[in-house]
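*Asks:*
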Amino acid sequence: MRAALVRCRRLVRALGLRWKISALLAVGCSLVAAAIGLLIHEARTRQIGDAARASATAQLIGVRKLYELTGRLDFDKGGESDGRIDSPELPRPLRTTALDGQRGTYLDLSGADPAVWAARPVGGEHVLSVRLSLAADRAELADLDRALVAYGVLVVALAATGGALVAGRLSRELRTAAETARRISAGELDARIGPTGLPGSRDEVAELSSAVDTMAASLQQRLEAEQRFTADVAHELRTPLTGLHTAAELLPPGRPTELVRDRVAALRTLTEDLLEVARLDANREEARLEAHRLGPLVESVTRRSGVPAQVVGAAEEVYVRTDVRRLERILTNLLANARRHGGGPVTVTVSGTTVTVRDRGPGFPERVLREGPQRFLTGAAERGQGTGLGLTIALGQAQVIGAGVTLANGEPGGAIATVTLPAA
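Numbering (this note's numbering), first residue to last: 5 to 428.
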């Protein structure tokens with residue numbers, strides 16, 4: 005029994021909202037139809053019984069009068085009535101009642117030959133009884149039961165169909181809302197659910213859709229304001245930084261000059277990164293995709309990056325469809341991230357249409373693996389200092405060229421970044 009209940013619970017959980025509502029309506033209508041059918045059956049049964057008892061009693065009175073006047077019974081085996089003295093078929097309870105000096109009736113609709121009996125005492129120790137057959141009444145009751153079952157099944161089917169239609173519309177609207185929320189979460193800020201339901205209606209689903217659309221519009225405005233602010237700040241910084249760079253070049257050689265030039269270069273790099281992030285956020289980047297042999301391209305990018313790394317699998321004859329400049333930006337950022345935050349030798353492996361960059365450092369923090377890279381957040385002190393823009397830019401450029409970047413930690417240690425490119 006418990007196992008059956010567990011299976012039923014699992015089945016209910018596996019059903020969608022549409023089928024749950026349909027099943028609930030069908031079960032509810034079935035219970036209502038069964039209750040109404042039982043009430044009608046019982047009412048009709050009582051009606052038949054009362055009419056049969058009254059008819060048998062009236063027949064008994066007529067037979068008694070005839071018996072008292074003539075001393076005989078007008079008995080016809082082919083007729084509806086069956087008047088007898090001390091009938092051996094008389095039910096025992098009714099016989100006992102008659103011998104006690106009382107008139108009574110006895111109704112039997114469940115036997116093979118349904119009938120109603122009426123009896124009374126005559127002559128002291130004898131019982132006069134009348135029997136009326138109820139075969140036709142029981143057949144009528146059976147026809148009524150079949151009609152009730154048929155109409156009940158029809159009502160349940162109509163209720164389940166109507167419930168499925170209504171629940172289907174509700175399910176579609178909720179799925180549309182969920183899909184729109186996923187699109188917004190994926191970065192499609194202009195996605196909206198739009199009006200739902202019948203024109204002029206204001207149900208709960210319409211209120212939910214309106215709330216989600218309002219939230220998306222507010223979120224879009226805030227993010228666009230943040231993107232404009234980042235782009236404006238980065239753009240305004242370019243002019244003074246250019247002046248600082250020019251002034252630093254005019255300083256006399258020495259350790260202080262080297263420190264100033266280093267910091268100015270770091271600021272210029274940060275400014276350019278901010279501008280690139282702003283362009284990626286605004287979806288203003290367009291890729292120029294061409295077919296290229298992946299191995300030599302990766303080897304060339306690794307060499308130009310200035311990061312000492314071993315390239316494995318560069319001789320493979322695999323062509324990918326990509327933008328060389330953006331792929332170089334991705335790999336350069338990943339290599340710089342491995343050199344800055346990792347440790348040990350850095351290995352770049354080309355396998356098919358994938359490029360894997362691995363270091364031997366402490367690996368990516370769990371927060372980065374769980375939530376993805378976030379700008380201005382490196383995740384952990386052991387990963388060193390940085391702005392956190394390198395991985396953000398790498399993932400953004402990968403999205404532009406239709407590539408995928410996955411981050412993981414290797415065994416026994418080290419960070420692994422895998423770039424998967426579309427084949428040419």
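In this text, a Cβ means the ideal position worked out from N, Cα and C, and glycines have one as well.
Look up Gly383 in the DSSP assignment and say whether it is helix, strand or coil.
*Replies:* Counting from 1 along the sequence shown, the entry for residue 383 is found at position 379. Bear in mind that a pLDDT of 49 at Gly383, under 50, signals an unreliable position, so the number given afterwards is only what the model happens to contain. Reduced to three states, the DSSP call for Gly383 is coil.
*Asks:* Round the Cβ separation of Thr360 and Leu339 to the nearest angstrom and send it over; I've been treating them as touching at under 8 Å.
*Replies:* For the purposes of this step, residue 360 is identified with residue 356 of the sequence shown, where counting begins at 1. For the purposes of this step, residue 339 is identified with residue 335 of the sequence shown, where counting begins at 1. 12 Å between Cβ atoms; not a contact.
*Asks:* Looking only at C-alpha atoms, which of Ala102, Arg196, Ala116 sits nearest to Thr180?
*Replies:* Here residue 180 is taken as the residue at index 176 of the sequence shown, counted from 1. Closest option to Thr180, Cα to Cα, is Arg196.
*Asks:* DSSP puts Val131 in a beta bridge; with which residues?
*Replies:* If you number the sequence shown from 1, residue 131 lands on position 127. Beta-bridge pairing links Val131 to Pro125.
*Asks:* How long is the line joining the alpha carbons of Gly417 and Leu373, rounded to whole angstroms?
*Replies:* Locating residue 417 in the sequence shown gives position 413, where the first residue counts as 1. Locating residue 373 in the sequence shown gives position 369, where the first residue counts as 1. Roughly 14 Å separates the two Cα atoms.
*Asks:* Determine the direct distance from the alpha carbon of Glu289 to that of Gly365, and round the result to whole angstroms.
*Replies:* Here residue 365 refers to the residue found at position 361 of the sequence shown. Here residue 289 refers to the residue found at position 285 of the sequence shown. Going by the C-alpha atoms only, they are around 33 Å apart.
*Asks:* Measure the C-alpha to C-alpha separation of Ala269 and Ala252 and round it to an integer number of angstroms.
*Replies:* Position 265 of the sequence shown, counted from the start, is the residue given in the question as residue 269. Position 248 of the sequence shown, counted from the start, is the residue given in the question as residue 252. Rounded to whole angstroms, Ala269 to Ala252 spans 10 Å at the Cα level.
*Asks:* Using C-beta distances below 6 Å, list every residue in its chain close to Ser309, excluding the 5 sequence neighbours before and after it, in chain order.
*Replies:* For this step, residue 309 is matched to residue 305 along the sequence shown. Cβ neighbours of Ser309 beyond the five flanking positions: Thr336, Leu339.
*Asks:* Nearest to Ser411 by CA position, among Ala37, Gly128, Asp363, is which residue?
*Replies:* One-based indexing of the sequence shown puts residue 411 at position 407. This sequence places Leu at residue 411; Ser is not what is there. Checking every option, the nearest Cα to that of Leu411 belongs to Asp363.
*Asks:* If you draw a straight line from the alpha carbon of Ile25 to that of Thr353, how long is it in whole angstroms?
*Replies:* In the sequence shown, the residue the question calls residue 25 occupies position 21. In the sequence shown, the residue the question calls residue 353 occupies position 349. Straight-line Cα distance between these residues: approximately 54 Å.
*Asks:* Can you look up Leu178 in the DSSP assignment and give me helix, strand or coil?
*Replies:* Taking the sequence shown and counting its residues from 1, one reaches residue 178 at position 174. It is helical.
*Asks:* Can you list, in chain order, the residues of its chain with a C-beta nearer than 6 Å to that of Ala421? Leave out the 5 residues immediately preceding and following it.
*Replies:* Taking the sequence shown and counting its residues from 1, the one referred to as residue 421 is at position 417. Here the set comprises Leu338, Val361, Leu411.
*Asks:* Would you give the residue range spanned by the alpha helix (DSSP H) that Val322 belongs to?
*Replies:* For the purposes of this step, residue 322 is identified with residue 318 of the sequence shown, where counting begins at 1. Note, Val322: premise wrong, no alpha helix (DSSP H); not H, not E.
*Asks:* Rounded to the nearest angstrom, what separates Ser189 and Pro377 at their Cα positions?
*Replies:* Numbered from 1 along the sequence shown, position 185 holds the residue referred to as residue 189. Numbered from 1 along the sequence shown, position 373 holds the residue referred to as residue 377. Taking the straight line from one Cα to the other gives about 15 Å.
*Asks:* Taking the DSSP output, what are the residues bridged to Gly87?
*Replies:* Reading the sequence shown from its first residue, position 83 is the one you call residue 87. When beta bridges are read from the DSSP output, Gly87 appears opposite Val134.
*Asks:* Please state the DSSP three-state secondary structure of Arg186.
*Replies:* Against the sequence shown, residue 186 aligns to sequence position 182. Residue state, collapsed to three classes: helix.
*Asks:* Suppose contacts are defined by Cβ-Cβ distances below 8 Å. Is Ala123 in contact with Leu136 by that definition?
*Replies:* As a working note, residue 123 is residue 119 in the sequence shown. As a working note, residue 136 is residue 132 in the sequence shown. Not closer than 8 Å, so no.
*Asks:* So, for Pro118: in the same chain, excluding its five sequence neighbours on each side, which residues have a beta-carbon less than 8 Å away from its beta-carbon?
*Replies:* Taking the sequence shown and counting its residues from 1, the one referred to as residue 118 is at position 114. The residues Asp112, Ser137, Leu138, Ala139, Asp141, Arg142, in chain order, have a CB closer than 8 Å to that of Pro118 in the same chain once the five nearest residues on each side in sequence are set aside.
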